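Everything on this sheet refers to the single structure shown next.
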Amino acid sequence: MTSYVPPGKKEAGLEDAGAQVHRIRITLTSRNVKNLEKVCADLKKGATDKKLNVSGPVRLPTKKLKITTRKAPSGEGTNTWDKFEMRIHKRLIDLHAPSDVVKQITSISIEPGVEVDVTVNDR
């Protein structure tokens, strides 16, 4: 007969130190949407193949960095302006998995220009 175990506590024989499940947030940023979406799809496919709990990719608002400058370097002549804009796209993917599994998932080939930030949160 088994004894009562309060919620939040594990039985002595069922603990596995290597398989502790973490909440992992992967943040992807890039200027190129095509490369960013490809990396997101690869990460999500790898996580679903390992039967992990995945949410995302969550598309965050695009940052538009704008610079307006004068065309004429001397400041003389007509007032003509150049407007430059750089768009930064950001995606979030949340996983519930052990840290060793996440190392395997994030070892995929990452497209050039895509930055990956992995944050591990314990519950």
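With the first letter of the sequence shown counted as 1, position 12 gets the number 100 in this note's numbering; the numbers rise by one all the way through.
Every residue gets a Cβ at the ideal spot worked out from N, C-alpha and C, and that includes glycine.
Note that the coordinates shown come from a computational prediction; the quantities given were computed from them, not determined experimentally.
| Query | Result |
| --- | --- |
| Cβ-based neighbour list, L140, same chain, cut-off 6 Å, excluding 5 preceding and 5 following | L183 and A185 |
| Burial state of S118, where buried means 16 or more other Cβ atoms lie within 10 Å | buried |
| Close beta carbons around D170, own chain, < 8 Å, minus the five adjacent residues each side | T156, T157, R158 and K159 |
| As assigned by DSSP and simplified to three states, the class of D170 | strand |
| Nearest to S197 (by Cα), restricted to the options V127, V109 and V121 | V127 |
| Three-state secondary structure (DSSP) of A185 | strand |
| K126, DSSP secondary structure in three states | helix |
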